[in-house]
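**Student:** Below are the structure tokens for one structure; questions will follow.
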Amino acid sequence: MKRYLSSLRARLLVFVLLAILATALLQAGLAWRAARAETDEIFDYHMQQTALSLRAGLPQGLVTGVIPVPAEGQDFDFVLQIWTLDGELVFESAARAELPQRAVLGFTDVLAHGTRYRVFSVQARSFVIQVAQDLAVRQRMAGSLALRTAVPILLLAPLLMLLVGWVVSTSLAPVARAQRQVAQRQADDLTELTETDLPDEVRPLVHEFNGLLRRVAQAFDAQQRFVADAAHELRSPLAALKLQVQGLQRAPDDATRERAMERLGSGIDRATRLIEQLLVLARQQASAASGVRPEPVALDQLVRLAVADMAPAAQVRSIDLGLAQADAARVSGHAEALRILVRNLLENAVKYTPAGGQVDVALRAGAGTLELSVEDSGPGIPEAERGRVLDRFYRVPEAASAGSGLGLAIVKAVADLHGATLHLDASPTLGGLRVRVVFPPGAMG
């Protein structure tokens with residue numbers, strides 16, 4: 001039964017059936033009450049008129065027993081009795097009624113031998129006329145009227161249930177179609193469901209489900225790209241490491257072996273850095289697809305920490321790394337992703353700036369604007385190459401320092417995740433590259 005009621009169609013049918021029964025009972029009750037009030041009014045008036053008519057036509061010389069008692073078997077709605085003021089019965093229309101000898105003038109209800117009567121009494125000279133009626137007559141009449149009112153409703157119940165079932169089935173047909181679409185799909189089919197013709201109550205559910213499919217598809221694509229990129233980019237470093245190991249094995253003397261070990265160590269460092277960058281890029285793509293809820297992040301604090309972390313590497317090469325401006329600013333986003341964005345910008349700037357150069361970092365917050373800029377005194381990037389360096393694994397041919405080609409691609413992925421725009425141009429003060437990350441007004445928290 002519980003499983004049956006889990007169906008929306010079954011619930012509606014049960015609800016409609018209960019509503020019909022409740023309506024029929026309520027209608028019957030109201031009809032019985034109204035009919036009882038009307039029958040009481042009509043019969044009371046009829047009893048009163050009967051008594052008054054008898055009083056007007058009562059003979060002057062009426063004596064006890066002169067009026068014969070009706071034969072048994074006759075059905076009288078009213079019971080008539082005439083009493084003297086001394087309590088002597090001179091006439092009765094139903095010998096079995098045995099109403100009280102004394103009655104209150106006017107209307108009253110009395111109980112005689114288990115039967116409740118409605119009695120109207122009126123005095124006529126030296127007599128009292130009583131007109132009585134069994135109340136069961138009125139109840140039967142009111143019940144009959146109530147039943148006639150409720151029966152049509154009950155007879156319409158099956159038709160109404162069929163009509164409701166048809167309406168529900170027709171309304172839920174788009175839902176059944178969506179269910180069939182999901183059931184017939186392959187595991188790798190992540191296309192969205194059709195939202196047309198769906199009921200308003202179901203459309204938001206299907207819309208959110210389609211959003212989930214989009215995020216899953218994005219995560220799946222990111223995973224596939226990561227596997228393809230890792231296989232492609234790790235092939236060359238691993239082949240180089242293999243050659244370096246072979247060269248180390250064939251080294252004829254200690255000096256050659258030492259140089260081979262240094263090259264092997266450098267190759268391992270580059271491969272490690274490449275793997276780290278690949279993992280970072282994959283995590284950012286997965287974060288963009290997962291729809292993780294953003295939180296308020298103090299961007300100025302992240303920038304200060306990133307500059308402090310990069311300072312030792314800059315000092316080794318005598319690079320002047322400084323924080324030119326750091327306005328207090330909070331953005332709605334992901335703290336770890338923003339930390340990676342700032343770190344990659346600083347790493348790129350320090351890596352490609354010659355020894356003794358300069359790197360300036362600034363975070364400027366204005367009226368509805370927020371901009372993070374990193375500029376250096378390095379060789380910069382030719383204008384024709386600035387769009388391409390945002391692609392994964394692309395390296396500027398003239399770059400003096402070999403890199404993975406993922407630094408700016410990771411920065412762009414994080415910027416896209418936060419709705420920010422990335423701008424590359426020439427530094428007007430230092431002459432090298434200037435990278436600006438401009439956050440939208442809605443990202444400021």
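Letter 180 of the sequence shown, counting from 1, is numbered 180 in the UniProt record's numbering, and no numbers are missing.
Each residue gets a CB set at the ideal place from its N, CA and C atoms; glycine is no exception.
Just so we're clear, the structure is a prediction, and the values are computed from it rather than from any experiment.
Can the beta-carbon of V245 be found less than 8 Å from the beta-carbon of L341?
**Tutor:** No. Outside cutoff.
**Student:** Report yes if the CB atom of Q133 is closer than 8 Å to the CB atom of R118, and no otherwise.
**Tutor:** Result yes, Cβ atoms of Q133 and R118 sit closer than 8 Å.
**Student:** Among residues of its own chain, excluding the 5 on either side of I67, which ones have a beta-carbon nearer than 6 Å to its beta-carbon?
**Tutor:** The predicted position of I67 is uncertain, since its pLDDT is 46 and thus under 50; no value can be drawn from it.
**Student:** For M444 and P174, I'd like the C-alpha separation in whole angstroms.
**Tutor:** Straight-line Cα distance between these residues: approximately 42 Å.
**Student:** Use the C-beta contact count for D360: other C-beta atoms within 10 angstroms, 16 or more gives buried, fewer gives exposed.
**Tutor:** Label assigned to D360: buried.
**Student:** Which of helix, strand or coil does DSSP assign to I319?
**Tutor:** Three-state DSSP puts I319 in coil, outside helix and strand.
**Student:** Is the beta carbon of V104 sitting closer than 8 Å to the one on S121?
**Tutor:** Their beta carbons are under 8 Å apart, which means V104 touches S121 by this criterion.
**Student:** Within the same chain, show all residues whose beta-carbon is closer than 7 Å to that of Q123, passing over the 5 residues directly before and after it, in chain order.
**Tutor:** Answer for Q123: L105, listed in chain order.
**Student:** Within a Cβ cutoff of 8 Å, which residues of the same chain sit near L198, ignoring the five residues on either side of it in sequence?
**Tutor:** Around L198: P174, V175, A178, V206.
**Student:** Under 8 Å by Cβ, that's how I've got V435 and L417 pegged, so tell me the actual separation to the nearest angstrom.
**Tutor:** With a Cβ gap of about 17 Å, V435 and L417 do not count as contacting.
**Student:** Counting C-beta neighbours from all protein chains within 10 Å, is the total for S377 16 or more, i.e. buried, or is it exposed?
**Tutor:** When all chains shown are included, S377 counts as buried.
**Student:** Taking I42 as part of the alpha helix (DSSP H), name the residues at either end of that continuous run.
**Tutor:** 8-57 is the extent of the alpha helix (DSSP H) around I42.
**Student:** Do you know offhand how far A400's Cα is from G380's?
**Tutor:** Interpretation of A400 is limited by its pLDDT of 44, a score under 50 that renders its predicted location unreliable; the figure taken from the coordinates is listed afterwards. Their backbone Cα atoms lie some 11 Å apart in a straight line.
**Student:** What did DSSP end up calling I129 once you bin it into helix, strand or coil?
**Tutor:** Reduced to three states, the DSSP call for I129 is strand.
**Student:** Look up G333 in the DSSP assignment and say whether it is helix, strand or coil.
**Tutor:** If DSSP states are grouped into helix, strand and coil, G333 belongs with the strands.
**Student:** Any Cβ of chain D within less than 8 Å of the Cβ of E375?
**Tutor:** Annotation note: the requested chain D is absent from the structure, which comprises a single protein chain.
**Student:** Considering Cα atoms alone, identify which of E192, R140, V131 is closest to F209.
**Tutor:** Minimum Cα distance to F209 is reached at E192.
**Student:** Would you call the stretch 149-169 in contact with the stretch 6-20, where contact means no fewer than 3 C-beta pairs closer than 8 Å?
**Tutor:** Taking 8 Å as the limit for Cβ pairs, the verdict is that the stretch 6-20 does touch the stretch 149-169.
**Student:** Would you please state the rounded distance, in angstroms, between the beta carbons of Q49 and T149? I believe it to be under 8 Å.
**Tutor:** Their Cβ separation, rounded to whole angstroms, is 29 Å, which puts Q49 and T149 out of contact at 8 Å.
**Student:** First and last residue of the beta strand (DSSP E) that includes I82?
**Tutor:** Per DSSP, I82 belongs to the beta strand (DSSP E) from 78-84.
**Student:** Are the CB atoms of V437 and E371 nearer to each other than 8 Å?
**Tutor:** Yes, they are a contact pair.
**Student:** Look up E201 in the DSSP assignment and say whether it is helix, strand or coil.
**Tutor:** In this structure, E201 counts as coil in the three-state DSSP scheme.
**Student:** Quick check on the burial criterion: 16 or more other C-beta atoms within 10 angstroms. Buried or exposed for T64?
**Tutor:** Low confidence applies here, because T64 scores a pLDDT of 48, under 50, leaving its location unreliable; read the following figure in that light. Under this definition T64 is an exposed residue.
**Student:** Have a look at the DSSP bridge pairing and note the partners of Y352.
**Tutor:** DSSP lists no partner for Y352.
**Student:** Identify which residue in H113, W166, L338 has its Cα closest to the Cα of A10.
**Tutor:** Taking only the C-alpha atoms, the option nearest A10 is W166.
**Student:** Round the Cβ separation of residue 511 and L302 to the nearest angstrom and send it over; I've been treating them as touching at under 8 Å.
**Tutor:** Absent from the structure is residue 511, since the part of the chain shown begins at 1 and ends at 445.
**Student:** Return the residue from the list L25, R215, V110, N344 that minimises the CA-CA distance to P152.
**Tutor:** Of the candidates L25, R215, V110, N344, the one whose C-alpha sits nearest the C-alpha of P152 is L25.
**Student:** Quick test of your reading: R317 and A349, contact by CB under 8 Å. State the CB separation rounded to the nearest angstrom.
**Tutor:** Rounded, the Cβ-Cβ distance is 12 Å, inconsistent with contact.
**Student:** Work out the CA separation of K351 and Q315 for me, nearest whole Å.
**Tutor:** The alpha-carbon atoms of Q315 and K351 are separated by roughly 12 Å.
**Student:** What residues in its chain sit with their C-beta under 6 Å from that of A365, if we drop five residues either side in the sequence?
**Tutor:** Hits under 6 Å: D327, A329.
**Student:** Give the straight-line distance between the Cα atoms of A271 and T194, rounded to the nearest whole angstrom.
**Tutor:** Distance between the alpha carbons of A271 and T194: 46 Å.
**Student:** Quick check on the DSSP output: what are the complete alpha helix (DSSP H) runs of length 4 or more inside the stretch 150-195, in order along the chain?
**Tutor:** Listed in chain order, the complete alpha helix (DSSP H) runs (minimum 4 residues) inside the stretch 150-195 are 173-183.
**Student:** Give every residue of the same chain whose Cβ lies closer than 6 Å to the Cβ of G267, excluding the five residues on either side of it in the sequence, and list them in chain order.
**Tutor:** Excluding positions up to five away in sequence, the list reads A240, L241, Q244.
**Student:** Do you know offhand how far residue 469's Cα is from I82's?
**Tutor:** Since the first residue of the chain shown is 1 and the last is 445, residue 469 is not available in this structure.
**Student:** Need the endpoints of the alpha helix (DSSP H) that G408 sits in, please.
**Tutor:** According to the sequence shown, residue 408 is Leu rather than Gly. Start and end: 407-417.
**Student:** Can you tell which of S171, P440, G431 has its C-alpha closest to the C-alpha of D200?
**Tutor:** Cα-wise, what sits closest to D200 is S171.
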